Amino acid sequence: MVAKGDMLWAWAKDEEALKRGECGGAVTSLLKFALESGSVDAVLAVKKGVDLYDAQPVLITDPEKIAECAGSLHCGTLLMPKLIKKYFDGARNMKIAVTMKGCDAKALYELAKRQQVNLDNIITIGLNCGGSVSPIMAREMIQEKFGLNPDDIAKEEIDKGQFIVITKDGEHKGIKIDELEEEGYGRRLNCQRCKTKIPRQCDLACGNWGVIGDKSGKATFIEVCSDKGADLVTKAAGKAIETAAPEGPATTIRGKVENAMLKLGDKCRDAQFEKLGNGKDRLNFIMDQTSRCIKCYQCIENCPICYCVECSTKKPYLVESGVVNPPFMFHLIRYSHIADSCVNCGQCQELCAMDIPNALYMHALQLEMQDMFGYEPGVNLDLPILSLVEEPTERKRLSDTGSDQIFNIFAEE
Ligand code: FAD
Ligand code: SF4
Ligand code: SF4
Ligand code: SF4
Ligand code: SF4
Numbered sequence: 001m002v003a004k005g006d007m008l009w010a011w012a013k014d015e016e017a018l019k020r021g022e023c024g025g026a027v028t029s030l031l032k033f034a035l036e037s038g039s040v041d042a043v044l045a046v047k048k049g050v051d052l053y054d055a056q057p058v059l060i061t062d063p064e065k066i067a068e069c070a071g072s073l074h075c076g077t078l079l080m081p082k083l084i085k086k087y088f089d090g091a092r093n094m095k096i097a098v099t100m101k102g103c104d105a106k107a108l109y110e111l112a113k114r115q116q117v118n119l120d121n122i123i124t125i126g127l128n129c130g131g132s133v134s135p136i137m138a139r140e141m142i143q144e145k146f147g148l149n150p151d152d153i154a155k156e157e158i159d160k161g162q163f164i165v166i167t168k169d170g171e172h173k174g175i176k177i178d179e180l181e182e183e184g185y186g187r188r189l190n191c192q193r194c195k196t197k198i199p200r201q202c203d204l205a206c207g208n209w210g211v212i213g214d215k216s217g218k219a220t221f222i223e224v225c226s227d228k229g230a231d232l233v234t235k236a237a238g239k240a241i242e243t244a245a246p247e248g249p250a251t252t253i254r255g256k257v258e259n260a261m262l263k264l265g266d267k268c269r270d271a272q273f274e275k276l277g278n279g280k281d282r283l284n285f286i287m288d289q290t291s292r293c294i295k296c297y298q299c300i301e302n303c304p305i306c307y308c309v310e311c312s313t314k315k316p317y318l319v320e321s322g323v324v325n326p327p328f329m330f331h332l333i334r335y336s337h338i339a340d341s342c343v344n345c346g347q348c349q350e351l352c353a354m355d356i357p358n359a360l361y362m363h364a365l366q367l368e369m370q371d372m373f374g375y376e377p378g379v380n381l382d383l384p385i386l387s388l389v390e391e392p393t394e395r396k397r398l399s400d401t402g403s404d405q406i407f408n409i410f411a412e413e
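Position 109 of the sequence shown, counted from 1, bears residue number 109 in the working numbering, the numbering being contiguous throughout.
Now the structure itself:
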């Protein structure tokens, strides 16, 4: 019997999952078990597309097809919760098991508290995440820094601080991530700033950190984060997965790696935010960078916090229609609507047609708002700052008191 809070090693019973899985295939086997046992109607996972730089989301209802998704795609920069909201009606009428990185987990929570997804119908299998690499950057980096043809690469890995590529001929080549990032390559900038390395918001948090000795690379360390997760592992143990208690200093080692990653995240935040400047300099920098926006709407389409049926940026009395490049108001609207809840998923930057570092500005703003109001998005189901005030009640308060402070966030209760 497994309970919330337990930590264990797990690996697949099934030979195919064991062989194809990144670290012993426990995640593949748990997903398959959830589908076969009827705990879910479908699995949302990520599959290699035309090549390993092409991570494609897939909804699977046939358990035999789950193994096709085995393995970790480090160029898989996609965001799963927005897909659940957009294409599966927020899992309102179907039960889904889904794999999630830390940014996915935070985005899911923000969508759940806005009632855009039904958490009760979703089993979340979290993946620890040291970072992901933009597919275009990965190709360029392999060409320029590794001196290899990106199309000759059979597998990429991130291990012990190195980005490692393995060619189709079996040649291994690794370069330190620090070195790559100093030269502008490596993980996405938002990943460098990210401090959600073990996604404990999920039902299970799975990764290779803390698997040592003979089992290193052949098992996954699972932290059981909810009763739902405990139930899945309890039922699957012995049938779909084998489990064992973490040996010796495994748990301590995992903790040390996590802490080192958190410190690195702080260092990267300081370095990146410093470049933004402060006050008016920062504003001028942002206005200058966003002036090349072509209003492709990718930032809005892919942001997990943007889901409004009638987006204010499309209202002509706020942003004049048919004008490209759009006025700064276009961006101001997004900053004011999203900044308190930005989860630093990077989508608005990764997918921006003009390579505008949108996530950097939004994350910087979010952290300042977090300092001011104490609201940290994506960690729990507490409501965001802007929803603390109900509009009709607030309008009445304004009318009764003649106050001009719309959101009474400074009031002492
Ligand atoms: P498998 O049985 O191989 O199943 C993996 C599942 O992950 C598959 O279902 C697949 O669809 C899904 N998946 C693959 N790529 C993605 C993606 N980009 N987004 C969402 N789902 C995906 N563990 C650590 O301990 N430290 C790390 O630094 C670390 N970094 C990672 C970075 C990325 C981008 C990813 C995807 C995973 C990372 N992991 C990390 C987790 C680790 O690589 C394994 O996924 C985990 O140990 C489970 O192994 P497994 O053999 O049980 O998984
Ligand atoms: Fe991983 Fe964090 Fe980057 Fe998301 S933002 S891919 S969780 S490092
Ligand atoms: Fe993600 Fe950008 Fe939205 Fe922040 S603003 S949640 S980084 S898409
Ligand atoms: Fe909604 Fe504002 Fe995002 Fe538009 S920019 S979708 S109005 S949150
Ligand atoms: Fe502008 Fe970039 Fe947003 Fe497109 S994604 S609307 S170019 S900021």
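Where is the CB? At the ideal position from N, CA and C, for every residue including glycine.
All of these numbers come straight from a predicted model, not from anything done at the bench.
One thing to note: L360 has its Cβ within 8 Å of the Cβ of L276. T290 is bridged by DSSP to nothing; it lacks a bridge partner.
L30 places its beta carbon 8 Å or farther from that of A339. Counting only the Cα atoms, K86 lies some 33 Å from L18. Contact check for I198 against I253 fails: the beta carbons are separated by 8 Å or more. By the Cβ-count criterion, Y185 is buried, with 16 or more other Cβ atoms from all chains shown falling within 10 Å of its own Cβ. In the three-state DSSP reduction, M7 falls in the strand class (E or B). Within the same chain, and ignoring the five residues on either side of Q349 in sequence, the residues whose Cβ sits closer than 6 Å to its Cβ are P357, N358 and A359. Scanning N344, R200, N208 and T28 for the CA closest to the CA of P246 turns up N208. When rounded, the separation of the alpha-carbon atoms in F328 and L78 is 27 Å.
Cβ contact annotation for C75 (same chain, cutoff 8 Å, sequence separation greater than five): L52, Y53, D54, A55, S132, V133, S134, P135, A138 and E156, in chain order.
Here the alpha carbons of K315 and C352 stand approximately 21 Å from one another. Looking at the DSSP output, C299 bridges to nothing. Counting C-beta pairs with one atom in each stretch, the segment 101-110 and the segment 367-379 have three or more that are closer than 8 Å, which means they touch. DSSP places G279 in the helix class (H, G or I) of the three-state scheme. Assignment of beta-bridge partners to A55 by DSSP yields K48.
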